[in-house]
Every structure is written in C-alpha cells, then in structure tokens.
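In our numbering, the protein residues as written are 1 to 119. Even glycine gets a Cβ: it sits at the ideal position worked out from N, Cα and C. Note that the structure is predicted; figures quoted are calculated from it, not measured. Remarks on the structure that follows.
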Amino acid sequence: MLIGVPKEIKTNENRIALVPAGAEAFVTAGHTVVIEQGGGLGSGFPDEAYTAVGAKILPTAEEVWKQAEMIMKVKEPIAREWPRMRRGQVIYTYFHFAAAEELTRAVIESGAIAVAKWK
Numbered sequence: 001m002l003i004g005v006p007k008e009i010k011t012n013e014n015r016i017a018l019v020p021a022g023a024e025a026f027v028t029a030g031h032t033v034v035i036e037q038g039g040g041l042g043s044g045f046p047d048e049a050y051t052a053v054g055a056k057i058l059p060t061a062e063e064v065w066k067q068a069e070m071i072m073k074v075k076e077p078i079a080r081e082w083p084r085m086r087r088g089q090v091i092y093t094y095f096h097f098a099a100a101e102e103l104t105r106a107v108i109e110s111g112a113i114a115v116a117k118w119k
C-alpha cells in the first residue's frame, strides 16, 4: 500500500501522524511511505529522518494526497483538504463526525473510507 502523510495545516497543529520509526515499520513490511516535504519539522523530525528509513519525500501536499492509497493525519481534514479526498482512499485520522456535519457530508460525497482513530 502507498501510505501518505501530508503536513498538518489545521491552526496550531504541528504534530505529524507518522514518526520515522513508524515509517520504517511500514517500509519493512513492504509498503511505500511518502511524506510531504517538511511535514515532520513541527515534531522535530527532519526529512532526512524519513529518507534514512526508506520513506520518500514529496514536495507538496497535493502530490501526497494524489498518490496515496491511505492518508494518515493527526487531525481531521479541514475544508481546503476536502477536494483532495477521493473514492476508495483510506483516511486514518481523528474524525469527530458528530460535531462536524459539513465534514461528514464531504467524506460521504468523496467516497473515501474514513477510519477514526482513538486518542
């Protein structure tokens, strides 16, 4: 599976959904991991920490979303990310649908597979 991790763009959110050790575990298991350039900096992980374990760096979030079969995020997609979601793409993040009807509708309309992780 091609797993993509875009940089978080929600206000005041600097974490990344996948640390280098997690990327290494996925790569070792035979998956491809792509990280948006600079995506880990807010958590203290430079791009080189990801490339050292076999992940690839892509220049833009658009490229990550476009290529990935599964997107991993810390927080739910915000409105400007909704058009990037697509049918059959797995999105693994913290979804709180009960509090966000517009997000719920955007996910349903996209046809993406939403997997809500626990905090």
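Check	Outcome
So, using beta-carbon positions, are Gly42 and Asn12 closer together than 7 angstroms?	no
For the putative contact between Gly4 and Ala68, defined by C-beta atoms under 8 angstroms, what is the C-beta separation to the nearest angstrom?	3 angstroms
Give a yes or no on contact between the stretch 60-67 and the stretch 30-47, applying the rule of three or more CB pairs nearer than 8 angstroms.	yes
When you compare the CB positions of Lys73 and Ala17, do they come within less than 7 angstroms of one another, or not?	yes
Measure the C-alpha to C-alpha separation of Val71 and Asp47 and round it to an integer number of angstroms.	Looking at the sequence provided, one finds Ile at residue 71 rather than Val. So the alpha carbons of these two residues sit roughly 18 angstroms apart.
Taking the continuous alpha helix (DSSP H) assigned at Glu8, which residues delimit it?	From DSSP, Glu8 is part of no alpha helix (DSSP H); its letter is neither H nor E.
Give the DSSP bridge partners of Glu36, in chain order.	Leu58
Among Tyr50, Lys7, Gly44, Ile9, which has the Cα closest to the Cα of Thr28?	Tyr50
Grouping DSSP H, G and I as helix and E and B as strand, with all else coil, what is Leu18?	coil
Just curious, the beta strand (DSSP E) that Ala121 is in, first and last residue?	Since the first residue of the chain shown is 1 and the last is 119, residue 121 is not available in this structure.
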